[in-house]
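**Student:** Numbering (the working numbering), first residue to last: 6 to 429. Think of the CB as a built atom: it goes at the ideal place given N, C-alpha and C, for glycine as much as any other residue. These figures come from a predicted structure and were not determined experimentally. Structure below; questions to follow.
Following this line, the structure appears as structure tokens:
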């Protein structure tokens, strides 16, 4: 255990149910998609749809990973990691509080997980777990085996930051259990939740950002940042991410088209458009940059004028969505959703890479539940999924009690249970 370790973290943080419970939010990009790749401003906000982790230490020498949303139930023997940890340390030397080298850490994660082929979605989640577990075990060789379960409220592959939230949850639970970060101390919310000091959140962000690169090659880091810190941020390529302050409460309507898409293919499509029409696309990116900057100004200076702010943001969404459609990253399903919402005075926009995924719109503070029910009914009839998350809420949290997403029987696959996951 290194000099940064903190004693008995589990004793002070286990809930009445005996486990450690952590959650992290998803995110939506509010403005700046695609333009951000070319050095322009983007704005993102956390949403209160969260991913949850439960962690129990295990005395039976087995490492358990349960990802019900991905159909994963895996078990490994901890002694297999113990037997090679000195070799891992020689190949992946520790650097203070930094995560393991991605190149070497990834290779060892593949070996320990028993995955040699090009990983699919669920296998990438397993590799993230092993990459982080190896990094933690390098610093605390007497760590007990763990039983880790992850469940979430976020759809995957639709631009809501589910991968970032997964990485942040797993990172936080493992770092906390090993005592690499101290227990959280900052009260958040009304149910006794706590979060960590900024310097510890920075460690979480660094580790989870590295882990996310296993899922999304060369990940920008914005998803991990939003899941760690929450709130609303503005950012530019190569510049520090800036947290916006004194933001009022906003609720958005978020509609999932259920069309999965590849961010990489959408970025390539926009790149081709720029290659074909460089001056026109440069002008589009300049316009999107101006929209993002105006949004930052509006969000930072509302001073209680929520309705005025809403009207401006509604207009900015309409303009930004027009620019994204000109880039060719729209989809007929997204247009259908936008047309329907516009009938109710909401100008939604694509969030994320486009080509499917989600659209969102700002909900006016005085929008009635009747209107929302009418919108939901229309969209549900057409097969879309509708949520109304709050925007800009807290980042990663420790929960004093078992979150409802884990049923009381969630302890059934604990070390003393008669039910054992199938070995990998």
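Assuming residue 156 contacts residue 73 (C-beta within less than 8 Å), just tell me the rounded distance between them.
**Tutor:** 6 Å
**Student:** When the Cβ atoms of the segment 191 to 201 are set against those of the segment 363 to 380, are three or more pairs found closer than 8 Å?
**Tutor:** No, the segment 191 to 201 does not touch the segment 363 to 380.
**Student:** Please report how far the alpha carbon of residue 36 lies from the alpha carbon of residue 272, in whole angstroms.
**Tutor:** 16 Å
**Student:** Run the CB neighbour count on residue 166, radius 10 Å, all protein chains shown included, and call it buried at 16 or more, exposed below.
**Tutor:** Around the CB of residue 166, 16 or more other CB atoms lie within 10 Å, so the residue is classed as buried.
**Student:** Give the DSSP bridge partners of residue 390, in chain order.
**Tutor:** 261
**Student:** Can you tell me the Cα-Cα spacing of residue 1 and residue 304, whole angstroms?
**Tutor:** Residue 1 lies beyond the stretch modelled for the chain, which goes from 6 to 429, so this question has no answer here.
**Student:** Considering just the uninterrupted stretch of the alpha helix (DSSP H) at residue 273, what are its terminal residues?
**Tutor:** Its alpha helix (DSSP H) spans residues 268 to 281.
**Student:** By Cβ distance, which residues of its chain are closer than 8 Å to residue 377, with the 5 residues on each side in sequence left out?
**Tutor:** 258, 368, 393
**Student:** Using the three-state DSSP reduction, which class does residue 290 fall into: helix, strand or coil?
**Tutor:** helix
**Student:** Please state the DSSP three-state secondary structure of residue 424.
**Tutor:** Note on residue 424: pLDDT 34, under 50, position unreliable in the model; the coordinate value appears next. The answer is coil: DSSP assigns residue 424 none of H, G, I, E or B.
**Student:** Name the one or two DSSP bridge partners that residue 237 has.
**Tutor:** 50
**Student:** Specify whether the segment 181 to 195 and the segment 217 to 232 touch according to this definition: at least 3 beta carbon pairs, one from each stretch, less than 8 Å apart.
**Tutor:** The segment 217 to 232 and the segment 181 to 195 do not touch, with fewer than three beta-carbon pairs separated by less than 8 Å.
**Student:** Fully enclosed by the segment 330 to 370, which alpha helix (DSSP H) runs are 4 residues long or longer?
**Tutor:** 337 to 347
**Student:** Would you decide whether residue 217 is buried or exposed? Buried here means 16 or more other CB atoms lie within 10 Å of its CB.
**Tutor:** Per the 10 Å Cβ criterion, buried.
**Student:** Any idea what DSSP makes of residue 183, helix, strand or coil?
**Tutor:** DSSP places residue 183 in helix when its eight states are reduced to three.
**Student:** Report the rounded CA-to-CA distance for residue 409 versus residue 29, giving the unit in angstroms.
**Tutor:** 15 Å
**Student:** Quick check: what's the CA-CA separation for residue 372 versus residue 161?
**Tutor:** In this model, residue 372 and residue 161 are separated by some 29 Å (Cα to Cα).
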